[in-house]
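In the working numbering, the protein residues as written are 85 to 342.
Even for Gly, the Cβ is constructed at its ideal location relative to N, Cα and C.
Right, one structure below, let's go through it.
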């Protein structure tokens, strides 16, 4: 275990650990990309990373700024068209894990990336859905990485962009969705998983130094804690070294834009 590390580094490391060597992973830009590539550089060297632009088994040395970054195509096994990516790979059930984030999440892991405030007169208009709704329903399972605060972890979404567990219980099945949906939510404070029956997000692990009160204060609903609440193992020296080297290469490659 290394000495000091940031909450964001803890979040990225925890997300990376959730991935397996045999995963085929649909990767989002930002925190998901950092986690997936950290996994590839540490315990999961054979993981297959797929980006929305159609790059398959890409192995970037620096994090891409967007799905159109040339680094993705240059290091990919092959590149296919976007329609093929979605129809054959994603909707064809060939991707085990999808990584998502959002501006807002509710207690059933539904996500909002459209607007904050009323749709007609929003306080903030967000980037939009992209491929997130299809990722949320077509990947075998979904991991979500987000910084945790009352602005992002809300009691009610202003807009439902991507389906999590709907209204809870068997709502996904009722809607005809057969994939598992969100199975882990990894934040800078803790890790949450859906309750087996109700599907409400439950805190299963606190990051070192984080208290229950901090998590409650950063959550817009009455968050529940697992009976066997654990402490998230802190990052190892190897994990931190690889993650920091990845970010250093990204800064060299992209400068201030990184």
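One alpha carbon belongs to residue 114, the other to residue 155, and they sit about 15 Å apart. In the DSSP assignment, residue 308 is bridged to 286. Within the model, the alpha-carbon separation for residue 237 versus residue 190 is close to 6 Å. Taking residue 298 as the centre and dropping the five residues before and after it, the same chain places the C-beta of 273 closer than 8 Å to its C-beta, in chain order. DSSP, read as helix, strand or coil, puts residue 275 in strand.
Residue pairing for residue 268: DSSP places it in a beta bridge opposite 227.
Distance from the Cα of residue 310 is smallest, within the candidate group 290, 322, 193 and 326, for 290. Annotation note: the stretch 150-196 contains the following uninterrupted alpha helix (DSSP H) runs of length 4 or greater, listed N- to C-terminal: 154-158. Distances from the alpha-carbon of residue 230 to those of 132, 146, 254 and 275 put 275 closest. With respect to residue 118, residue 161 sits apart: the two C-beta atoms are not nearer than 8 Å. Within the same chain, and ignoring the five residues on either side of residue 136 in sequence, the residues whose Cβ sits closer than 6 Å to its Cβ are 151 and 215.
Annotated three-state conformation of residue 322 is helix, per DSSP.
Listed as beta-bridge partners of residue 316 by DSSP are 291. By the criterion of a C-beta distance shorter than 8 Å, residue 335 is surrounded in its chain by 342, once the five residues flanking it on both sides are discounted.
Remark: C-beta atoms of residue 269 and residue 329 do not approach each other more closely than 8 Å.
Annotated three-state conformation of residue 139 is strand, per DSSP. Taking C-beta atoms as the reference points, residue 212 and residue 181 fail to come closer than 8 Å. Approximately 40 Å separates the beta-carbon atoms of residue 130 and residue 199; this is outside 8 Å, ruling out the contact.
Linking residue 244 to residue 196 through their CA atoms gives a straight-line distance of about 5 Å.
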